[in-house]
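Student: Below is a structure I'd like to ask you about.
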Amino acid sequence: MRHPDYRRHLTGEHPERPARLAAIDAALERAQFDERVADLDAAALVPATAVEDILRVHSRSHLNRIERMAARGGGFLDSDTVVSPESYRVALLAAGGACAAVDAVIGGHARTAFALVRPPGHHATPDRAMGFCLLNNLAIAVRRAQAVHRQHRVAIVDFDVHHGNGTQAVFEEDPSVLFVSLHQHPLYPGSGLAHEIGRGPGTGRTINVPLSAGTGDRGYALAFDEIVGPALTAFAPELIGVSAGFDAHWADPLAFMNVTCAGFAGLVARLRRWAATLAGGRLVLVLEGGYNLDALAGSVVACVQALIGEQPVDPLGRPPGTDTEPSLDATLAEVRRRHTSAEY
Ligand SMILES: [Zn+2]
247 MRHPDYRRHL TGEHPERPAR LAAIDAALER AQFDERVADL DAAALVPATA
297 VEDILRVHSR SHLNRIERMA ARGGGFLDSD TVVSPESYRV ALLAAGGACA
347 AVDAVIGGHA RTAFALVRPP GHHATPDRAM GFCLLNNLAI AVRRAQAVHR
397 QHRVAIVDFD VHHGNGTQAV FEEDPSVLFV SLHQHPLYPG SGLAHEIGRG
447 PGTGRTINVP LSAGTGDRGY ALAFDEIVGP ALTAFAPELI GVSAGFDAHW
497 ADPLAFMNVT CAGFAGLVAR LRRWAATLAG GRLVLVLEGG YNLDALAGSV
547 VACVQALIGE QPVDPLGRPP GTDTEPSLDA TLAEVRRRHT SAEY
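Just add 246 to the spot in the sequence shown (first one is 1) and you have this note's numbering.
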C-alpha cells in the first residue's frame with residue numbers, strides 16, 4: 247500500500263522526511279517482488295467516510311487544529327511535529343491508507359497488507375499531535391475494523407522503538423483491543439512502564455514491555471515468544487494490527503537498540519504465524535518510525551519477504567562490535583507478574 251502523495255508532507259531538516267519513502271520504494275523495486283506482492287489500489291486510499299473514521303479516535307478540535315495550521319501555510323504542533331501546507335490532506339490520506347489496508351485484508355483481497363504511510367501515527371493521542379505524528383493511522387483503522395467490519399476483538403502489536411503512547415491512550419479503557427508495546431526505556435516519550443496495564447474495564451489489555459538499550463534480535467525474539475505470543479493466544483483476536491517502526495535497528499540514529507533487518511523479519515514471521523492460527527491470517531502492518539534510510543528500506547523489504555513466506559535478505563547484517571545483549575529476565579518477569587491476575 248503506497249501513494250506518491252505521502253511525500254508531500256514536508257518537514258524540512260527532520261529525521262521523519264519524504265526520503266524515507268523514496269528509499270523504501272527503491273528497495274522494493276530492487277527486490278523485484280513483481281506479481282508476488284500486489285500494490286493495493288491507490289484510488290481506494292481515502293474512503294468516503296474518512297473524516298467519520300478519524301472522529302472515532304480523534305476529537306473534532308484536534309482535526310480542525312491540523313486543518314487550520316495547514317491552511318495557514320504550516321507550523322509546529324509541538325517542538326518536533328511539523329505541519330506543512332499539504333499535511334492535513336496527507337494525514338487524511340495516511341489514515342485512509344491504513345483503513346484501506348484493513349479493508350483489503352478483511353475483504354479477502356489480500357491475505358496480509360503493509361501500509362507504507364507517513365506521517366507516522368502511534369504517538370498521536372485523541373486530542374494531541376506529538377512525536378512526528380498527526381493522526382493515529384493504525385488506531386483509526388482498528389476502530390474502522392470494529393465499526394464497519396464487525397471485528398470485535400483486535401490486537402495491536404507495536405515494535406517501534408518508542409512507546410506507542412497515543413495508541414495506549416486511545417484503547418487503555420477498552421477491553422475489546424489488546425495493545426502490546428515493546429520499546430526502549432528510558433526513551434521518548436517516557437511512558438510505557440510495565441505497571442501501565444490499562445484502566446477500568448481495559449485493565450490487563452495494555453501490555454508494556456520496556457527494554458534496555460542494547461537489546462537486539464535475541465531479546466526481541468524472546469519477548470515475542472514469552473509475552474506477545476501467549477498474550478495473543480489468550481486474547482484470540484479476529485485481526486492483528488502492527489505498528490511497524492524500524493528505529494530499533496542498530497543503525498538508527500534516534501535510539502540505541504541492536505535489531506537487524508533479518509531480526510525484524512523474524513518478528514513479522516512470528517506475527518504471520520500467530521495471525522494464521524488465531525485470526526484467520528488477518529494481519530495488517532502500518533509503518534511508523536525508522537530513520538536510517540538503508541536500515542529502514544532493508545527492514546521493510548525483509549518484512550515483506552517474511553509476509554509472503556520467503557527467506558529474508560539482510561543487506562546490513564549484524565551490528566559492529568559486541569554481540570552481547572542485556573538480560574531481559576527481570577523485565578519479562580515483571581511484565582508477567584503484572585499480568586498474571588489480568589483476564590483476557
Ligand atoms: Zn519511533
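The beta-carbon is built from N, C-alpha and C at its ideal position, and this holds for glycine as well.
#1: Hey, does GLY354 have any beta-carbon neighbour from chain D nearer than 8 angstroms?
#2: Say the cut is 7 angstroms; is the CB of VAL407 nearer than that to a heavy atom of ligand 1?
#3: Can you list, in chain order, the residues of its chain whose CB lies under 8 angstroms from that of GLU571, leaving out five sequence neighbours each side?
#4: Can GLU418 and GLY444 be called in contact, C-beta distance under 8 angstroms?
#5: Per DSSP, what kind of secondary structure is PRO476 in: helix, strand or coil?
#6: Report buried or exposed for CYS411, applying the criterion of at least 16 other Cβ atoms within 10 angstroms of its Cβ.
#7: In whole angstroms, give me the CA-to-CA distance for TYR590 and ALA361.
#8: For the region 558–589, list the beta strand (DSSP E) runs that are entirely contained and at least 3 residues long, ordered along the chain.
#9: Taking 7 angstroms as the limit between beta carbons, can you name the residues of its chain near ALA277, skipping five residues before and five after?
#10: Taking the alpha helix (DSSP H) that THR257 belongs to, which residues open and close that run?
#11: Helix, strand or coil for GLY321, going by three-state DSSP, please let me know.
#12: What number of angstroms, rounded off, separates the C-alpha of ARG266 from the C-alpha of TYR537?
#13: In whole angstroms, what separates the C-alpha of LEU539 from that of ALA269?
#14: In whole angstroms, what is the alpha-carbon distance linking GLU332 and THR577?
#15: Can you check whether the CB of GLY544 is closer than 8 angstroms to the CB of ASP493?
#16: Flag ASP324 as yes when its Cβ comes closer than 7 angstroms to any non-hydrogen atom of ligand 1, and as no otherwise.
#17: Starting from the C-beta of SER437, find all residues in its chain whose C-beta is less than 6 angstroms away, skip the five residues before and the five after it, and write them out in chain order.
#18: What I want to know is whether the C-beta of ASP404 ends up closer than 7 angstroms to one or more non-hydrogen atoms of ligand 1.
#19: What residue range does the beta strand (DSSP E) around THR600 cover?
#20: If you count every other CB in all the chains shown that lies within 10 Å of the CB of PRO447, and 16 or more means buried, which is it?
#21: Within a Cβ cutoff of 6 angstroms, which residues of the same chain sit near GLY527, ignoring the five residues on either side of it in sequence?
Tutor: Inspection of the coordinates gives the following:
#1: The structure shown contains no chain D, having only a single protein chain.
#2: Along the sequence shown, read from residue 1 onward, the residue named residue 407 stands at position 161. Result yes, Cβ under 7 angstroms from ligand 1.
#3: Translated into positions along the sequence shown, residue 571 becomes position 325. GLY460, THR461, GLY462, ARG464, GLY465, ASN504, listed in sequence order.
#4: Indexing the sequence shown from 1 puts residue 418 at position 172. Indexing the sequence shown from 1 puts residue 444 at position 198. Yes, the pair counts as a contact, with Cβ atoms nearer than the cut-off.
#5: Here residue 476 corresponds to residue number 230 of the sequence shown, with the count starting at 1. Note: PRO476 maps to helix in three-state DSSP.
#6: Mapped onto the sequence shown, residue 411 falls at position 165. Residue identity check: residue 411 is Asn in the sequence provided, not Cys. With 16 or more other Cβ atoms within 10 Å, it is buried.
#7: Counting from one through the sequence shown, the residue named residue 590 turns up at place 344. Counting from one through the sequence shown, the residue named residue 361 turns up at place 115. Bear in mind that a pLDDT of 48 at TYR590, under 50, signals an unreliable position, so the model cannot answer this.
#8: none
#9: By 1-based counting over the sequence shown, the position of residue 277 is 31. These residues qualify, in order along the chain: VAL547.
#10: Here the question's residue 257 lines up with position 11 in the sequence shown. No alpha helix (DSSP H) contains THR257, which DSSP labels as neither H nor E.
#11: Within the sequence shown, residue 321 is the residue found at index 75, counting from 1. Reduced to three states, the DSSP call for GLY321 is strand.
#12: For the purposes of this step, residue 266 is taken as the residue at position 20 of the sequence shown. For the purposes of this step, residue 537 is taken as the residue at position 291 of the sequence shown. Computed Cα separation, rounded: 7 angstroms.
#13: Counting from 1 along the sequence shown, the entry for residue 539 is found at position 293. Counting from 1 along the sequence shown, the entry for residue 269 is found at position 23. Their Cα atoms are separated by approximately 6 angstroms.
#14: Taking the sequence shown and counting its residues from 1, one reaches residue 332 at position 86. Taking the sequence shown and counting its residues from 1, one reaches residue 577 at position 331. Taking the straight line joining both Cα atoms gives about 42 angstroms.
#15: In the sequence shown, counting from the first residue as 1, residue 493 sits at position 247. In the sequence shown, counting from the first residue as 1, residue 544 sits at position 298. In this structure, GLY544 does not lie closer than 8 angstroms to ASP493 by Cβ.
#16: Reading the sequence shown from its first residue, position 78 is the one you call residue 324. The answer is no for ASP324.
#17: Here the question's residue 437 lines up with position 191 in the sequence shown. Here the set comprises HIS409, ASN411.
#18: Working through the sequence shown from its first residue, we reach residue 404 at position 158. Answer for ASP404: no, Cβ out of range of ligand 1.
#19: Outside the displayed range of the chain (247 to 590) lies residue 600, so it cannot be described from this structure.
#20: One-based indexing of the sequence shown puts residue 447 at position 201. Classification for PRO447: exposed.
#21: Start at 1 with the first residue of the sequence shown, and residue 527 comes out as number 281. Here GLY527 has ARG357, ALA521 as same chain residues with Cβ atoms under 6 angstroms from its own Cβ, once five neighbours each way along the sequence are excluded.
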